[in-house]
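Novice: The sequence shown begins at 85 in my numbering and counts up by one. Every residue gets a Cβ at the ideal spot worked out from N, C-alpha and C, and that includes glycine.
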Amino acid sequence: MVDVGLVVDVTISDVKAVERSRADVQRGEPWLARDRLLGALRTEPSNQDVLVLLAEVHTDLGDLPAAGACWFLTDRTEDGRVGQAMAALRNRYRNPVALANSLPLQNDPERYPPEARRRIADLRAELAAAGLDWDPPGRPRPRFARRDRVATALIVSFWVAFAAANLAVYTVGLVTAIRWIW
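1. Between Leu211, Leu238, Pro198 and Ala205, which has its C-alpha nearest Arg160's C-alpha?
2. Please go through the same chain and pick out, in chain order, the residues whose beta-carbon is closer than 6 Å to the beta-carbon of His142, but skip the five residues on each side of it.
3. Candidates Asn131, Val253 and Val166: which alpha carbon is nearest Leu148's?
4. Identify every run of the beta strand (DSSP E) within the region 193-233, keeping only runs that are complete inside it and at least 3 residues long; order them along the chain.
5. Looking at the structure shown, is Gln190 part of a helix, part of a strand, or coil, going by DSSP?
6. For the putative contact between Pro224 and Trp218, defined by C-beta atoms under 8 Å, what is the C-beta separation to the nearest angstrom?
7. Buried or exposed, going by whether 16 or more other CB atoms sit within 10 Å of the CB of Ser130?
8. Is Val94 helix, strand or coil by DSSP?
9. May I have the straight-line CA-CA distance separating Arg118 from Leu183, to the nearest angstrom?
10. For the putative contact between Val109 and Leu121, defined by C-beta atoms under 8 Å, what is the C-beta separation to the nearest angstrom?
11. Hey, Ala107 and Ala139: beta-carbon distance below 8 Å or not?
12. Taking its Cβ as the centre, do 16 or more other Cβ atoms sit within 10 Å of Val240, making it buried, or is it exposed?
13. Over the uninterrupted alpha helix (DSSP H) stretch that includes Arg176, give me the two end residues.
14. Three-state secondary structure (DSSP) at Glu103?
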């Protein structure tokens, strides 16, 4: 059974966080708004109001790559301030793995708007071209991780068998030498 009251409380708390954050910005305390919005983003990672306001606050604070990471997950087009922030994000995180890890993506991509899903799909394609799998919200990982583990296990098994064979040869030699002495 789903507790509907809990869902309503989360939504109301996110609305309060956005309202309070706007008040923080109007008072000239954007750092407080940023912290409040980051907390709201943890409870509702795909909330567009929180992401947009957080991107604007990051832009006001001069952290364009962080703003770009938030804009990346919204439906905003890449023009004006959004375009500058997205360019700064791409400039700071030139590697697609670093870019994927920099995003505040903590939800299934289907919960984001179409433009954000397109950006996520494009980034997945970049990672796939580099030989990596990425199932958001997880981290990118090598595509053939299972095969690498099997190869490592085979190599370790070979060296263990080699060491055991050498130990057996030395033991036989030692027994032979002791018998000869006695």
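Specialist: Let's see:
1. Position 76 of the sequence shown holds residue 160. Checking every option, the nearest Cα to that of Arg160 belongs to Pro198.
2. Taking the first residue of the sequence shown as position 1, residue 142 is located at position 58. If we look at His142 and ignore the five residues flanking it on each side, its Cβ neighbours are Ala150 and Ala151.
3. Residue numbering aside, residue 148 sits at position 64 when the sequence shown is read from its first letter. Among Asn131, Val253 and Val166, the Cα nearest to that of Leu148 is on Val166.
4. none
5. Start at 1 with the first residue of the sequence shown, and residue 190 comes out as number 106. The answer is coil: DSSP assigns Gln190 none of H, G, I, E or B.
6. The residue given as residue 224 occupies position 140 in the sequence shown. The residue given as residue 218 occupies position 134 in the sequence shown. About 4 Å; that satisfies the 8 Å criterion.
7. Counting from one through the sequence shown, the residue named residue 130 turns up at place 46. Label assigned to Ser130: buried.
8. By one-based count along the sequence shown, residue 94 stands at place 10. Only weak support is given to the placement of Val94: the predicted model assigns it a pLDDT of 42, under 50, and the question is left unresolved by the model.
9. Along the sequence shown, read from residue 1 onward, the residue named residue 118 stands at position 34. Along the sequence shown, read from residue 1 onward, the residue named residue 183 stands at position 99. Cα-Cα distance, rounded: 21 Å.
10. Here residue 109 refers to the residue found at position 25 of the sequence shown. Here residue 121 refers to the residue found at position 37 of the sequence shown. Actually they do not touch by this definition, with Cβ atoms about 10 Å apart.
11. The residue labelled residue 107 in the question sits at position 23 within the sequence shown. The residue labelled residue 139 in the question sits at position 55 within the sequence shown. No.
12. In the sequence shown, the residue the question calls residue 240 occupies position 156. Counting Cβ neighbours within 10 Å, Val240 comes out exposed, since fewer than 16 surround it.
13. For the purposes of this step, residue 176 is identified with residue 92 of the sequence shown, where counting begins at 1. Where Arg176 is concerned, the enclosing alpha helix (DSSP H) stretches over Gly164 to Arg176.
14. Indexing the sequence shown from 1 puts residue 103 at position 19. Three-state DSSP puts Glu103 in a helix.
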